[in-house]
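One structure is given here, and the rest of the page talks about it.
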Amino acid sequence: MEGAKKKARSWAACLARVFEVFPLICPNCRKELLPVAVIFNDGELIRILKHFGLPTDFPKFLPVPQEITGKYSNGPPDDGCQLEPADLYAGIDPPAPAD
């Protein structure tokens, strides 16, 4: 259980940092909430959402166009496809003088 608690807290910390939402704190009473389940079955999730009168339409994603998948699916990227970090920041912040 301790591992699950740790993962839930790290997940909550990510949401809090990115969206400024604290999913493990009740917005009404400010008490700590504890996760009670992880739902893997879409049918069960739909049943729960319907029970609460919430929308059950999941977003539909289009498949990636063939010209993109064909171009990038043959292995790792070529050498030189990314700039060196030093090139990205050259001249922005000159090095400090030596003491």
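First residue of the sequence shown? That's 0 in numbering that gives the first Met the number 0, and the numbers climb one at a time after it. Glycine included, each C-beta is placed from N, C-alpha and C at the ideal position.
Opposing strand residues paired with I24 [DSSP bridges]: I24 pairs with E31.
Hey, is F39 close to the ligand HEM, as in C-beta under 7 Å from one of its heavy atoms? Ligands in the displayed structure: none, and consequently the ligand HEM is not present.
In terms of residue numbering, what span does the alpha helix (DSSP H) encompassing I45 cover? D41 to H50
Three-state class that DSSP yields for L14 in the structure shown: Shown here, L14 sits in a helix according to DSSP, grouped into three states.
Looking only at its chain, what residues have a beta carbon closer than 7 Å to the beta carbon of T55, apart from the 5 residues adjacent to it on each side? I45, L48 and K49
Between A11 and P26, which are expected to be in contact by the criterion C-beta below 8 Å, what is the C-beta distance as a whole number of angstroms? Wrong, their Cβ atoms sit about 14 Å apart, outside the cutoff.
Would you report the Cα separation of K59 and A97, rounded to the nearest angstrom? 57 Å
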